[in-house]
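Protein chains in written order, with the numbering used here: chain A, 43 to 258; chain B, 43 to 258.
Note that beta-carbon positions come from the ideal geometry of N, C-alpha and C, so glycine has one too.
There are 2 protein chains.
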Amino acid sequence: MERDHSKISMAVIRRLPKYRRYLEELLNNDIHRISSNELSKMTGFTASQIRQDLNNFGGFGQQGYGYNVEALYEEIGKILGLDREYETVIVGAGNLGQAIVNYTNFEKSGFKMRAMFDVNPKLIGLKIRDIEIKDADELETFVRENNIDIGIICTTKEQAQIVADQLVRGNIRGIWNFAPADLQVPDHVMLENVHLSESLFTLSYLLKSQSEDEER
Amino acid sequence: MERDHSKISMAVIRRLPKYRRYLEELLNNDIHRISSNELSKMTGFTASQIRQDLNNFGGFGQQGYGYNVEALYEEIGKILGLDREYETVIVGAGNLGQAIVNYTNFEKSGFKMRAMFDVNPKLIGLKIRDIEIKDADELETFVRENNIDIGIICTTKEQAQIVADQLVRGNIRGIWNFAPADLQVPDHVMLENVHLSESLFTLSYLLKSQSEDEER
């Protein structure tokens, strides 16, 4: 049965990778059924939230049986688009770019790293895990000729928009941006940001709030 | 006037760093007033959302005048706890740990990096930006003796909980976790995760949804 997933809210979508991660762990431990209560204990989401989330995409839960772990894992993977492969390039071969290229779990999930790009002549021509660091001047052509789906931007804030423009001209479909910049891209290009300072500042908020609570 | 910010929702809190980033840019460009409509154009949030968010913490907006950029920037910084300094350590001196220690903007925002820790004997004793890489065995003692506020975990998934336990025993106040693991920490320890695969999988969802739209 083909379901229409287009109405699932982004809030639910952002919880799916977490469910998937736990389900993967269960499969690795040879556990094939799980109740929403057990999933609640693992994930920290309430059981009712979990049932509501998972009801969005089909009747995997059965009263008195729980969820079929494998079926749910597969279905979530499909919803997230992880049942196909993506061609990716990393722009910026500094520490962050190297951390990402060395994170082989992304490859296992179907994100194939085809090349890295940098402006630093000392880096150009080097290989990391068989992945060549190419001259940033070749980015647009490479992306177009190799039908690259996703460009991962690990440059400085100043370079990020220039790189995004090159990726867009090379017909990129999505950009995963780590630079602390809000990029302008056309509507047909999907943009996902990892703004690290936003996460760190949330932590400092939590620390501040907690110390204020203690003072009360 | 001291305001009680404890009732601001986490959804609003997570938008504040973005507002702050734009306000900082405005200040750098010598712009001292801004309307919610202009802020809307910059941030992509609706003007009504912005007014609602900023109303949470005081009457900075004045009809026909707009927001005082500097006052708003300062107030958001206070709410986020950025008007003080935090002592931090980074655990895991691989590419990701090095990327973070080299990201000097965090230091400028008050997050002082005091040491890095690793288990790799080849790395122990080296310095990055004058910050020493120490033996991971010394972590708990260092954290306790130096009143470290925040531990930044850049280890593998397998090491992450062990490191978290050491940080907790050293009386850490907050953990910024980059390992793809859900850590168990006591309630008094604040935990903020950067789960990169959750972000990447959201992007693949967006790409998949878009290609399905095109097929319709």
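Within the region 134-150 of chain A, Gly136, Asn137, Leu138, Gly139, Gln140, Ala141, Ile142, Val143, Asn144, Tyr145, Asn147 and Phe148 place their CB atoms closer than 9 Å to a CB of chain B, listed in sequence order. For B:Val133, the uninterrupted beta strand (DSSP E) segment begins and ends at Tyr128 to Val133. Taking C-alpha positions only, A:Ser77 is separated from A:Ser51 by approximately 23 Å. By the Cβ rule, the region 171-187 of chain A does not count as touching the region 176-196 of chain B, because fewer than three pairs are nearer than 8 Å. Exclusion of the five residues before and after A:Ala89 leaves Ser78, Asn79 and Ser82 as the residues of its chain whose Cβ lies within less than 7 Å of its Cβ.
No residue range can be given for B:Gly167, since it is assigned to no beta strand (DSSP E) and is classified by DSSP as neither H nor E.
Spatial neighbours of B:Met84 in its own chain (CB-CB distance under 7 Å, excluding positions within 5 residues in sequence) are listed in chain order as Tyr64.
Between the C-alpha atoms of B:Ile217 and B:Ala206 there is a straight-line separation of about 8 Å. In summary, the residues of the region 190-214 of chain A whose CB is separated from some CB of chain B by less than 8 Å are Asp191 and Ile192, in the order they occur in the chain. Residue burial is scored here from C-beta neighbours: B:Pro59 has at least 16 other C-beta atoms within 10 angstroms and is therefore classed as buried. For A:Asp172, the closest Cβ of chain B is not nearer than 9 Å. When the beta-carbon positions are compared, A:Thr244 and B:Arg211 stay at least 9 Å from each other. Below the 7 Å Cβ cutoff, chain B contributes no neighbours of A:Lys164, its closest Cβ being approximately 16 Å away. Contacts between A:Tyr107 and chain B, judged by CB atoms closer than 8 Å, are missing: the closest CB pair is about 25 Å apart. Between the alpha carbons of B:Lys169 and B:Leu242 lies a distance of about 32 Å. In the DSSP assignment, B:Leu238 falls outside any beta strand (DSSP E) and within the unbroken alpha helix (DSSP H) covering Leu238 to Glu257. Secondary structure of A:Ile192 (DSSP, three-state): strand. For the pair of segments examined, the region 133-152 of chain A was found not to touch the region 227-235 of chain B: the number of CB pairs separated by less than 8 Å stays below three. When the beta-carbon positions are compared, A:Tyr115 and A:Leu69 come within less than 9 Å of each other. Assigned with DSSP and collapsed to three states, A:Phe99 falls in coil, not helix or strand. The alpha-carbon separation between B:Asn110 and B:Ile92 amounts to approximately 14 Å.
Look at the region 71-104 of chain B: it has no residue with a C-beta under 7 Å from a C-beta of chain A. At least 9 Å separates the beta-carbon of A:Ile195 from that of A:Arg215.
Under the three-state reduction of DSSP output, A:Phe220 falls in the coil class, being neither helix nor strand. In the three-state DSSP reduction, B:Leu233 falls in the strand class (E or B). For B:Phe153, the C-beta contacts it makes with chain A under 7 Å involve Leu242, in order along the chain.
Counting C-beta atoms within 10 angstroms of its own C-beta, B:Asn71 has fewer than 16 neighbours from the protein chains shown and is therefore classed as exposed. A:Phe153 has A:Tyr128 as its beta-bridge partners, per DSSP.
Counting only the Cα atoms, A:Asn213 lies some 16 Å from A:Ala157.
Contacts with chain B at 9 Å (Cβ-Cβ) do not include A:Val185.
Residue contact check for B:Gly123 against chain A: a CB pair falls below 9 Å. In the three-state reduction of the DSSP assignment, B:Ile173 falls in the strand class, which pools E and B. Against B:Arg56, the close residues of chain A are Glu240 and Thr244, in the order they occur along the chain (beta-carbon pairs closer than 8 Å). Leaving aside the five residues that flank B:Gly108 on each side, the residues in its chain whose CB is nearer than 6 Å to its CB run, in chain order, Arg75, Ile76 and Ser77.
Beta-bridge pairing by DSSP links B:Arg75 to B:Asn110.
Taking the Cα of A:Gln226 as reference, the smallest distance to any Cα among A:Gln208, A:Asp160 and A:Leu124 is reached at A:Gln208.
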